[in-house]
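First comes the structure, then the notes that go with it.
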Amino acid sequence: MPSQAAQALEKSIRALRGTWGTHRSVTALRNAGVGHGDLRAQEKRARQALRDLKAAGVIVQIAPDSATYRLSDEQ
138 MPSQAAQALE KSIRALRGTW GTHRSVTALR NAGVGHGDLR AQEKRARQAL RDLKAAGVIV
198 QIAPDSATYR LSDEQ
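Numbering (our numbering), first residue to last: 138 to 212.
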């Protein structure tokens, strides 16, 4: 079962589309009410949620050397 952060982030990514990295994910999680803790904790949660969504096939990494993602069904 995906974490609360991954579920909230997926909802934001599907609604807003575009590219997603740590900074945008932190903002989306904060807006969804799951962005508690200091900035380091928020960034860690966002990166984990991005990895979880990537593993589930929801998002794909744009470039191998970049931590930037997009929905898997976007071109």
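Idealized CB from N, CA, C, for every residue including glycine.
No experiment lies behind these values; they were computed from the predicted model shown.
Within a 10 Å sphere around the beta-carbon of residue 147 sit 16 or more other beta-carbons, which makes this residue buried. In this structure, 205 is the residue among 205, 210, 211, 209 with its C-alpha nearest to the C-alpha of residue 160. With fewer than 16 neighbouring CB atoms inside 10 Å of its own CB, residue 197 falls in the exposed class. In this structure, DSSP gives residue 207 an extended state, which the three-state scheme calls strand. When secondary structure is reduced to three states using DSSP, residue 196 falls in the strand class.
Just so you know, the alpha carbons of residue 141 and residue 202 end up roughly 27 Å apart.
Cβ neighbours of residue 184 within its own chain (closer than 7 Å, five residues either side excluded): 159.
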